[in-house]
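This report concerns only the one structure given below.
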């Protein structure tokens, strides 16, 4: 984890990714977001209806794989232009209390099924939280398209543990704003 008063530059983000590359995951249940969540973590499952049809599903999949679901302004994901594939390192960056927080993560798996697409990343040893988050879009049998966020997490570093209720509130804020970011991206295509 790195904290800064200024939004990190691309060069700083690239250096952060390079330093994070060899770090281990900060939890042992890698891949658990694809099935049953492990005990000892907060569990979150949230979904939002995006619309109808195969074309919308294709566009939602493209948006997801281009990291569009991160709400602009106060958070973003930096993968140095790489798409989310298994092993892709990513800096998860957010602004909180006037500071920019850089957190290391790595893509754990990718979903490429005919009616479901997405991926999950897991936190590395330099992330303020500990856990895994899955981002997915699904074309259901009735033709509806849904965007789902599934996560299990817990505070890892002392600052996150000290402000646990605030951290949970910001996680819920991220979900709401992520839903809006996806809807906005799909409305403009």
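Residue numbers (the numbering used here): 57 to 245.
The C-beta atom is built at its ideal place from N, Cα and C for all residues, glycine as well.
Being a predicted model, the structure only gives us computed values, none of them experimental.
> Which residues in the same chain have their Cβ closer than 8 Å to the Cβ of residue 121, if we skip the five residues on either side of it in sequence?
Replying inline: 139, 140, 173, 175
> Straight-line CA distance for residue 184 to residue 231?
Replying inline: 18 Å
> Considering only residues of the same chain and omitting the five flanking positions on each side of residue 201, which have a CB-CB separation below 8 Å?
Replying inline: 105, 106, 107, 108, 109, 112, 113, 116, 193, 194, 195
> What residue range is occupied by the uninterrupted alpha helix (DSSP H) comprising residue 121?
Replying inline: 110-121
>> What would DSSP say about residue 328, mapped onto helix, strand or coil?
In response: A query on residue 328 cannot be resolved here, the shown segment of the chain reaching from 57 to 245 and no further.
> What does DSSP give as the partner residues of residue 145 in its beta bridges?
Replying inline: 162
> Where are the beta strand (DSSP E) runs, 3 residues long or more, that stay fully inside the stretch 174-206, in chain order?
Replying inline: 185-195
>> Tell me which residue opens and which closes the beta strand (DSSP E) that residue 133 is part of.
In response: 131-134
> Which residue comes first and which comes last in the alpha helix (DSSP H) that contains residue 76?
Replying inline: 66-76
>> Out of 215, 62, 145, which one is the CA nearest neighbour of residue 177?
In response: 145
> Just checking my contact of residue 188 with residue 89 at CB under 8 Å: how many whole Å lie between their CB atoms?
Replying inline: 4 Å
>> Quick check: residue 125 and residue 234, are their CB atoms within less than 7 Å of each other?
In response: yes
>> Rounded to the nearest angstrom, what separates residue 99 and residue 78 at their Cα positions?
In response: 27 Å
> Can you tell me where the alpha helix (DSSP H) with residue 217 in it begins and where it stops?
Replying inline: 214-218
> Roughly how many angstroms lie between the CA atoms of residue 164 and residue 87, to the nearest whole one?
Replying inline: 6 Å
>> Residues in the same chain with beta-carbon distance under 7 Å from residue 130, minus the five sequence neighbours each way, listed in chain order, please.
In response: 150, 151
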